[in-house]
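Trainee: Residue numbering for the sequence shown follows the numbering used here, starting at 62 and increasing by one per position. Beta carbons: idealized from backbone N, C-alpha and C, even for Gly. Next up is a structure, given as structure tokens.
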Amino acid sequence: MSEPEENSPPRPKNPVDEQLSERRTLRDYAIILRERFWIALPLALLVSIGLGYQRAKEVPMYQSTATMRFEKPDTTIEGRSFDQAPNTAIDLNTYLQELASDQMRNRVIRSLTPEEVRILQRPYLADLEPGQEPPSVGAALGSLSVGDIRDSFIIRVGITHRDPEATALVANRFVSEFMRYLFDRRFDKTNNAAVFLEQRAETLRIEAEQAEGLLRDYQRKHNLMSLDNSTNLVRNRLVQADEARTSARLTRIRVEELLNQIERFKQQGRDMLEISYIAEHGTVKGLSNQLSELRKNESILAERYLERHPRMIVVGNEIAVTQRQLDEAINLAIADLRSTVAEARTSEQAMQQEFDVAEAEQRRLKDLEAEYSSLKNQADIARNNFVQITQRMQEVQTERRIESVPVHPLDNAQIPGAPYSPNISGIIKSSVMIFILVFVGVAVGLSFIDDRVKSAWDVEHFIGANLLGIIPDLNTLKDEEKYSLVLENRQVPGTESFLSVYSAAKIHSKLDFPKSILITSTIPGEGKTLVSCNLAGGFARHGRKTLLIDCDLRRPMLHRHFQMENDKGIITWSESGGELGESAADNSELGIVRVGENLDLLRSGGRSRIPTELLESKAFVQLLDRLQKEYELIVIDSPPLGAVTDSLLIAEHADEVIYVCRFNRAYRKHIRQYVTALKNAKRELLGIVLNGLSPRRIEYYSNYRYYRSYKKYYGAET
């Protein structure tokens, strides 16, 4: 309705004025719990104590656990280790299923002695009626639980029973019977295998002996030790005979050549001493040297003596004798050479015969090789088969003597010292948790079911409006005092709350003076008139010329709070013709009165059952325009939106709106609906004032309120 001054720059839009969408804080939930403490507490105590009592009355149950270790097999092939994890997991699961099977349970039942059966039935005897039989062994065996410990190869066998001794007894018996079951199954398998292997070994032994007998007969028949050995011997013999034959031939050729050379020397008359064989043979060399020495002496003597000199004769005789001896020695050497030639020829013939014999033997062995190899292979195969089956039979016999199952007992079950159920500490913990859950659940659940406004979160998050302030419950004050707290500056707690609303309204306002503010609520009795009076007093105390208008024409109240008659006002002015004159403040029909410094009051001037005609009239609009020119601020106290539509009609001519909500009175969805209607009418909603909180609740909201106001104030300044 009012326009900002031309010289006033437009105020920037405050981002904090936009619709808030923050979540509930821990403080909000603490408030919810505090509000519904005496509802949630008895219910939570009743539920938690009742459930805890029922669990504590349960029959005491004991539990004991035995463990076994499952060996993880590793397979090694050609020096490389292969993980058998998939097969291991399957085997482990198979053992678990066998442990939990009825067959294993029956084995355990059959293994129990009469004394052990009495231990199992002992805790049930006190519950038996006269003449009633105790439960069977199967029924008294207890509850079995088997499983593997995660990320390990440990098998856990647990028994739950009413008797502590019975739990350990049955758990250990399950382990021992399971081990016996595995050993029996392994023994049956190995025993069957051993019988088969023994029979097969006997058959193969006979076959091997028969094959070896045929081979020995063949060797005796053909005079063989072994074909390979005989072949090697004949081969070596043939090589040696060939080498000896070649050596004899070479010797014969050499001596025959030497003999032929001697014969040629004889025919040619040459000196035999030129042949090295003769020159080196026997005494030929010594006689030849002696003859040479004598002839040398003869030559020396011939130079001094004549031929007939005695000394010459003696030397001549010695030369003749030596020459004769030399000739005889040469003839002897030639005779020896002829004898050597004859011996070489004989030796060559003998070596040739030896070679021929060895060669014939080799051909004979070659002819026997195929048949001998066949017999030898048959004997070797029969012998190898017999050896292998014998080794396997020994392995099976060893397995029968050695523990060969992959499961081994680890820890025996011990007699428990205390029952695991009922677990008092666990019951206490669970009861506390149930108490907390029920306590919080009831409080929070009722909070969501109860749709009435109770907190700042309801205002700012659910409704989406600013929280201008929180007004305490002023029921302890007199009516004539609480409507003028700010105007008269009374030193009571409520005064500061209204001043806070005044400050928040200034902060959130985007319009300059002059302007008008509409104060409304959802239903009657929420304190909109109280807020209107003290908000107008706040502006008046701060120097603003303020007019407070009572527009609740159906139930006017402002004249009572200021102890006046309602004989003048809007209705009387309208009925008199609605003339304004030069000054509305001085119009006698309007009857505007001064109630405080800078604060005037325009009363309703009576009651009207159908005030909409007046509120929609052109005269009423002109009245508001004239009053806004004469006053800096107009505060309009209007009817509740939830009761009548008068406030929406008035809001069309107001610049700003303040919505008043009383704690735990109006519903949030209704407030949000009316706030949306005001916003759709293009009216600026400054915010909501939360009224009627007790001092105890104010403690929770005050810090939050101041924090929000300061944050928005400094945010607007920046």
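Once DSSP output is grouped into helix, strand and coil, what is the label at Leu352?
Mentor: helix
Trainee: Do Glu456 and Leu299 have their CB atoms nearer than 9 Å?
Mentor: no
Trainee: Taking 9 Å as the cut-off, decide whether the C-beta atoms of Ser482 and Pro121 are in contact.
Mentor: yes
Trainee: Please say whether Val562 and Gly598 have beta carbons closer to each other than 9 Å?
Mentor: no
Trainee: Taking Gly638 and Val721 to be in contact with their CB atoms under 8 Å, please state how far apart those CB atoms are, rounded to whole angstroms.
Mentor: Not confirmed; about 34 Å, so no contact.
Trainee: Work out the CA separation of Ala363 and Glu389 for me, nearest whole Å.
Mentor: Distance between the alpha carbons of Glu389 and Ala363: 28 Å.
Trainee: Here's the rule: buried if 16 or more other CB atoms are within 10 angstroms of the residue's CB, otherwise exposed. What is Pro191?
Mentor: exposed
Trainee: Is the segment 664-674 touching the segment 618-627, taking contact as three or more C-beta pairs under 8 Å?
Mentor: yes
Trainee: Let's see if you can read the secondary structure: which residues bound the alpha helix (DSSP H) around Glu31?
Mentor: Given that the chain is displayed from residue 62 to residue 779, the structure contains no residue 31 and the question cannot be resolved.
Trainee: Measure the alpha-carbon distance for Leu709 versus Leu702 and round it to whole angstroms.
Mentor: Near 7 Å, if we compare the C-alpha coordinates of Leu702 and Leu709.
Trainee: If we call anything under 9 Å between Cβ atoms a contact, is Glu745 one with Lys543?
Mentor: no
Trainee: So within the segment 472-534, which uninterrupted alpha helix (DSSP H) runs reach at least 4 residues, ignoring any that extend past its ends?
Mentor: Complete alpha helix (DSSP H) runs here, min 4: 485-510.
Trainee: With H, G and I counted as helix, E and B as strand and the rest as coil, what does DSSP make of Phe131?
Mentor: strand
Trainee: Taking the straight line between their C-alpha atoms, what separation do you get for Val705 and Gly113?
Mentor: 54 Å
Trainee: Does the distance from the C-beta atom of Pro470 to that of Ala232 stay below 9 Å?
Mentor: no
Trainee: For the pair the segment 339-353 and the segment 378-397, tell me if three or more CB-CB distances fall below 8 Å.
Mentor: yes
Trainee: Pairs of beta-carbons, one from the segment 748-756 and one from the segment 711-725, closer than 8 Å: are there three or more?
Mentor: yes
Trainee: Taking C-beta to C-beta, are Leu747 and Ala504 nearer than 9 Å?
Mentor: Ala504 is positioned such that its CB atom lies no closer than 9 Å to that of Leu747.
Trainee: Using CA coordinates, which residue listed in Asp534, Ile180, Ile216 is at the minimum distance from Glu132?
Mentor: Ile216
Trainee: So the candidates are Arg621, Ile442, Lys740; which of them puts its Cα closest to the Cα of Glu270?
Mentor: Ile442
Trainee: As a quick exercise: from Thr537, Ile170, Glu177, Ala738, pick the residue whose alpha carbon is nearest that of Gly199.
Mentor: Comparing Cα positions, the closest option is Ile170.
Trainee: Does DSSP put Asp573 in a helix, in a strand, or in coil?
Mentor: coil
Trainee: Within 10 angstroms of its Cβ, does Trp99 collect 16 or more other Cβ (buried), or is it exposed?
Mentor: exposed
Trainee: Helix or strand or just coil, what does DSSP make of Ser755?
Mentor: Ser755 falls in the coil class under three-state DSSP.
Trainee: Ignore the nearest five residues each way along the sequence and tell me which others in Thr673's own chain have a CB closer than 8 Å to its CB.
Mentor: Once the five neighbours on either side are set aside, the close Cβ partners of Thr673 are Thr706, Asp707, Leu710.
Trainee: Which of the three DSSP states is assigned to Ala591 in this structure?
Mentor: Residue identity differs from the one stated: residue 591 is Leu in this sequence, not Ala. DSSP places Leu591 in helix when its eight states are reduced to three.
Trainee: Excluding the 5 residues flanking Ile476 on each side, which residues of the same chain have their C-beta closer than 6 Å to its C-beta?
Mentor: Pro225, Glu226, Ala229
Trainee: Please classify Ala146: is it buried, with 16 or more other beta-carbons within 10 angstroms of its beta-carbon, or exposed?
Mentor: Note that Ala146 has pLDDT 46, beneath the 50 cutoff, so the model's placement of it is unreliable and the number below is only indicative. Exposed is the call here.
Trainee: Buried or exposed, going by whether 16 or more other CB atoms sit within 10 Å of the CB of Lys186?
Mentor: According to the sequence shown, residue 186 is Leu rather than Lys. Exposed, since its Cβ has fewer than 16 Cβ neighbours within 10 Å.
Trainee: Compare the beta carbon distance of Asn648 and Glu640 with 9 Å and say whether it is the shorter of the two.
Mentor: Yes, the Cβ-Cβ distance between Asn648 and Glu640 is below 9 Å.
Trainee: Under three-state DSSP, which class holds Gly330?
Mentor: coil
Trainee: Indicate the three-state DSSP secondary structure (helix, strand or coil) for Met122 in the structure shown.
Mentor: strand
Trainee: Per DSSP, which one or two residues make a beta bridge with Gly343?
Mentor: DSSP output for Gly343 lists no bridge partner at all.
Trainee: If you measure between the beta carbons of Ala309 and Ser408, is that distance less than 9 Å?
Mentor: For Ala309 and Ser408, yes; Cβs fall inside 9 Å.
Trainee: Between which residues of its own chain and Val178 is the CB-CB distance below 7 Å, once the five residues before and five after are set aside?
Mentor: Here the set comprises Val198.
Trainee: Going by DSSP, which residues form a beta bridge with Tyr720?
Mentor: Thr581, Ile749
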